[in-house]
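All remarks here apply to the structure that follows.
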Amino acid sequence: MIEDRTVLPPTTGARHGSSNVPPAQAGGVAVAPGTPRVLIVNQRSPSYPTVSDRCGRQTQMLVRHFTPNTTLIEEDAYAAGTVADYDRVVVVGNDAVTPLPSALLKDLAATRQPILWLGFGISEFPVDMDLAYGFVPGFTVGDELPDEVEYRGQRYPAVLEAYTQIVITLPSTQVFATYVTKGDPIPYVVRGENLWYVNGRPNLDSSYPDAATDAPTLIFADVLHEFFETGIGEERRAVVRLEDVSVHIDPQHITGAADLLQSHGVPFLMGVIPNQRYADGSIVSLRTRPAFVAALRTATERGATIALHGYHHTWGTGEDYEFWDETRNAPIAGETWEMYAAKVEDGIKILRDLRLEPRLWETPHYAASPLAYRVFAHYFSHAVENREPASWLPYPTAPDEYGQALIPENIGYINPDE
Numbered sequence: 013m014i015e016d017r018t019v020l021p022p023t024t025g026a027r028h029g030s031s032n033v034p035p036a037q038a039g040g041v042a043v044a045p046g047t048p049r050v051l052i053v054n055q056r057s058p059s060y061p062t063v064s065d066r067c068g069r070q071t072q073m074l075v076r077h078f079t080p081n082t083t084l085i086e087e088d089a090y091a092a093g094t095v096a097d098y099d100r101v102v103v104v105g106n107d108a109v110t111p112l113p114s115a116l117l118k119d120l121a122a123t124r125q126p127i128l129w130l131g132f133g134i135s136e137f138p139v140d141m142d143l144a145y146g147f148v149p150g151f152t153v154g155d156e157l158p159d160e161v162e163y164r165g166q167r168y169p170a171v172l173e174a175y176t177q178i179v180i181t182l183p184s185t186q187v188f189a190t191y192v193t194k195g196d197p198i199p200y201v202v203r204g205e206n207l208w209y210v211n212g213r214p215n216l217d218s219s220y221p222d223a224a225t226d227a228p229t230l231i232f233a234d235v236l237h238e239f240f241e242t243g244i245g246e247e248r249r250a251v252v253r254l255e256d257v258s259v260h261i262d263p264q265h266i267t268g269a270a271d272l273l274q275s276h277g278v279p280f281l282m283g284v285i286p287n288q289r290y291a292d293g294s295i296v297s298l299r300t301r302p303a304f305v306a307a308l309r310t311a312t313e314r315g316a317t318i319a320l321h322g323y324h325h326t327w328g329t330g331e332d333y334e335f336w337d338e339t340r341n342a343p344i345a346g347e348t349w350e351m352y353a354a355k356v357e358d359g360i361k362i363l364r365d366l367r368l369e370p371r372l373w374e375t376p377h378y379a380a381s382p383l384a385y386r387v388f389a390h391y392f393s394h395a396v397e398n399r400e401p402a403s404w405l406p407y408p409t410a411p412d413e414y415g416q417a418l419i420p421e422n423i424g425y426i427n428p429d430e
C-alpha cells in the first residue's frame, strides 16, 4: 500500500441512532488548514453513461487524497458563476462529440483559478489558447496509438483508447509527461498558465496496478501533487497486513510472525475475525480460545494494529461475503441498519472485553452494500481495503462516498502456496 505524508481528514459520515458501544476511531487525524475547495465537473457520455459516471467518481477519489472539500456534479447541473465559489476546478471530458455547456466554458476561460482538464473537449475552450496557455489542441486521434509514456526520464508501457493532438507554442509551457511515438512526442500532461491538461482519463478498474496498462493513471496521480502544490518529497511506505486472523490459526504462527516483524522494526496490521463461522455452521468466538487471544495480545505488544475484519466473515456458511449477496450480486435481502450495526458492535465488544482494541475496519472480500458501508463509517473513521468505484488506489483518500478514510491495498496477496 503506497502512501505519502498527506494528512488524512476525518470521516464526515453521519452518526446514526444511539449505542452503548462507542465508535472505534483511528485517532490523530485532522483536516489540514487551508485545504482547497474543488469543483469536479464530470461530463456524462450518452454512449457510455455508466463508464463516464465511474470515471468521475474515480477522479474524485484521487482528488480526495489532497482535500476532502470536493463537489462532484454532471455538466448539465452547472450554473453560471459557480466556478468562483471554488479554489480549483477539475473537468472530466468523457465524450469527444457532445459539447460542454457554454456557461461552464465561459467561466473557465475567465477564471484565474487552477483548472485541471482530463480527456476530451479541450478544443472547445473559447479563447486563443496559443496566447492564453501556450499550447494548441487539435483533433482527437483513435488509430496508430502510442504504446509508451515517458515521465521523469523513465519510459513505461501505455494502452490508449485515443489521444488529442497537442502543439506546444510557448517555451514557458510545462510538459510533465509525454506519449512516445515514431514521430514527435505527444504531450500527456501539460501546463500553461492556470490550465493543466491531461491527455487521457484515469482508469482504476484493473484488479491491481497493472505494469502493462496503468502507468498513465499512476503518472496522473503523481502529478496531482504538483497541481495541489503539496511540496511533498518522495517517500515510499508499505503496510503489512496479516489477513483472516481467526481461531483456526495456530497461536504460535501469530507470535512467530509478530516476533519476526518486530525484529525488523516493521509495524503491521492484523485483520481479525472475532466470531468465526465454519462451513458446518458452527461458530467459534475468540472468547473460547484463551491461547489464541494471548497470541493476539503479544502481537499488539510487538507493534500490531487490529482491524475488525467483519464478524463471522460469512453470511451463510464457510468464508464468503458477509455483507453482500454474491449469488444475486446485490445487497442482502431485507437488510437493515440494525442487523449490520449489531454485528459491528458485538465484534468491537468481543475484542474490547479481551483487552484488544480495533482501530480500523476491513470489509470481508471487499464487498458490501451502500447501507452496510454507512454502518461501518459510523463506527470506524478508517478502513483498510479496496472499494468501489476504484478497484485500487495509489494512496489513501478521505472521505469516500460513505464517510470513511480508505487505506488501499494495491500490492496484492502473498500466497504461501505459491
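If you're matching positions, the sequence shown starts at 13 in my numbering and goes up one per residue. Here a beta-carbon is modelled for each residue, glycine too, at the ideal position from N, C-alpha and C. Computed from a predicted structure; not experimentally measured.
Fewer than three pairs of CB atoms, one per stretch, sit closer than 8 Å, so the stretch 398-406 makes no contact with the stretch 359-374. By the neighbour-count criterion, in which a residue is buried when 16 or more other Cβ atoms sit within 10 angstroms of its Cβ, Thr190 is buried.
In this structure, DSSP gives Trp208 an extended state, which the three-state scheme calls strand. In this structure, Pro286 lies near Tyr323, with their beta-carbon atoms less than 8 Å apart. Val259 sits buried, since 16 or more C-beta atoms from the chains shown fall within 10 Å of its C-beta. Within 10 angstroms of the beta-carbon of Thr83 lie fewer than 16 other beta-carbons, which makes it exposed. When C-alpha distances from Gly277 are compared across Gly165, Ala316 and Pro228, the shortest belongs to Ala316.
By the C-beta density criterion, Arg340 is exposed, having fewer than 16 other C-beta atoms within 10 angstroms.
Considered as a whole, the stretch 218-254 harbours 227-239 as its complete alpha helix (DSSP H) runs of no fewer than 4 residues, in chain order. Rounded to the nearest angstrom, the gap between the Cα atoms of Thr300 and Ala269 is 22 Å. Distances from the alpha-carbon of Val153 to those of Leu172, Glu162 and Phe137 put Leu172 closest.
Shown here for Pro197: same chain residues with a beta carbon closer than 6 Å to its own, the five before and five after excluded, namely Thr190 in chain order.
When secondary structure is reduced to three states using DSSP, Arg399 falls in the strand class. Collapsing the DSSP output to three states places Thr267 in a helix. Counting only runs of 4+ residues, the alpha helix (DSSP H) found wholly inside the stretch 93-163 occupies 114-122 and 141-145, in chain order. Check the Cα spacing between Gly93 and each of Lys118, Thr79, Val109 and Asn81: the tightest is with Lys118.
Annotated three-state conformation of Gln70 is helix, per DSSP. DSSP, reduced to helix, strand and coil, places Trp349 within a helical segment of the structure shown. If one requires a minimum length of 3 residues, the beta strand (DSSP E) runs lying completely within the stretch 280-363 are 280-284, 287-289, 295-297 and 316-320, in chain order.
Judged by DSSP in its simplified three-state form, Glu86 adopts strand. Judged by their CB atoms, Pro113 and Tyr145 are not nearer to each other than the 8 Å cut-off.
Short of 7 Å from the beta carbon of Leu143, and not among the five residues preceding or following it, lies no beta carbon of its own chain. Asp226 counts as buried, since no fewer than 16 other beta carbons sit within 10 angstroms of its beta carbon.
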